[in-house]
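S.K.: So in my numbering, spot 112 of the sequence shown is number 110, and the numbers just go up one at a time. Don't be surprised by glycine CBs; every beta carbon is placed ideally from N, CA and C. Predicted model, so just to flag it, every value in this text is computed and none were measured.
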Amino acid sequence: MLISEIFHSLQGEGELTGVPSVFVRTSGCNLRCNWCDTPYASWQPEGENLEIAEIVRRVRSYPSKHVVLTGGEPMIAPDIHELAFQLKELGCHLTIETAATVRPRGIACDLASLSPKLAHSAPDERLDDAWRRKHESLRRQPEVIADWIAAGDYQLKFVVSSESDVAEIEELLRDTLCVVPPHKVLLMPEGTTLEGLRARAGWLSELCKARGYRYAHRLHVELYGNRRGT
Ligand code: SF4
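(1) At 4 residues or longer, and completely inside the stretch 17 to 78: list those alpha helix (DSSP H) runs for me, N to C.
(2) Please indicate yes or no: does the CB of Leu242 lie closer than 7 Å to some heavy atom of the ligand SF4?
(3) Within the continuous alpha helix (DSSP H) that includes Tyr152, where are the two ends?
(4) Would you identify the three-state DSSP class for His181, choosing helix, strand or coil?
(5) Would you say Ser159 touches the ligand SF4, meaning its beta carbon is less than 7 Å from a heavy atom?
(6) Do Ile78 and Leu48 have their beta-carbon atoms positioned less than 8 Å apart in this structure?
(7) When you compare the CB positions of Arg198 and Glu188, do they come within less than 8 Å of one another, or not?
(8) Quick one: Cα of Leu14 to Cα of Arg209, how far?
(9) So the candidates are Val22, Gly16, Gly10; which of them puts its Cα closest to the Cα of Ile4?
(10) What is the residue span of the beta strand (DSSP E) that Ser2 lies within?
(11) In chain order, which beta strand (DSSP E) runs of at least 3 residues are fully inside the stretch 176 to 222?
(12) Run the proximity test for Leu170: is its beta-carbon closer than 7 Å to any non-hydrogen atom belonging to the ligand SF4?
(13) Check whether the stretch 121 to 129 touches the stretch 83 to 91, taking contact to mean three or more Cβ pairs, one atom from each stretch, closer than 8 Å.
(14) For Leu170 versus Ala97, is the C-beta distance shorter than 8 Å?
(15) Whole angstroms is fine: what's the gap from Pro114's alpha carbon to Arg55's?
(16) Measuring from the CB of Gly69, is there a heavy atom of the ligand SF4 at a distance below 7 Å?
Here is the structure:
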């Protein structure tokens, strides 16, 4: 399995923010978000080819029992089901961070962190038309989101760029045909710097108060800046 990095840090996003966790970042993604903050696992995938046993060995070398499978898109990594199974057998708490474009198909998971991509993620002219069409055709799959919601605990995490994104989010939620409590919807300001996050924090926090959604900070940007291995 192509692995871009395995590291120990604090979970920076979502319901488990601040929990010490081991991150296993698979390399490779079926999308090409324009503002992707891990291009080394998507636009230019790089990493080491590791056997599952070696991944598990490295995970066990850290003290945390919380493990996050992230990417890129971990759900397109071959053997991801077997890796998740083996980590659960070890007694790990498993979060899977996915753009929810691939069905769970029974994968072992304690928290599905679903991050569907909105229209503003569309890649620009750096990519050819074929990739831009692929991104657009895959990024929005309400029936796949519904599958994940039915499978177990979840959070729906959206990168929000402007106030108009909220109408798109609410339309997507309606299209899942699921009852999603507002506190399961996390809105995260787009930005990879503290200044960028703060520029959107004012109106986004007010919007969360008005609608009951959860405002989601990016602790790792606050603590470490936008750096690899954090
Ligand atoms: S889905 Fe995630 S990893 Fe893939 S391109 Fe988008 S932001 Fe990057």
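M.R.: In terms of the structure at hand:
(1) 50 to 58
(2) The question about residue 242 has no answer, for the chain in this structure spans -1 to 228.
(3) It is not in any alpha helix (DSSP H) - Tyr152 instead sits in the beta strand (DSSP E) that spans 152 to 158.
(4) helix
(5) no
(6) no
(7) yes
(8) 22 Å
(9) Val22
(10) 0 to 8
(11) 183 to 187
(12) no
(13) no
(14) no
(15) 31 Å
(16) yes
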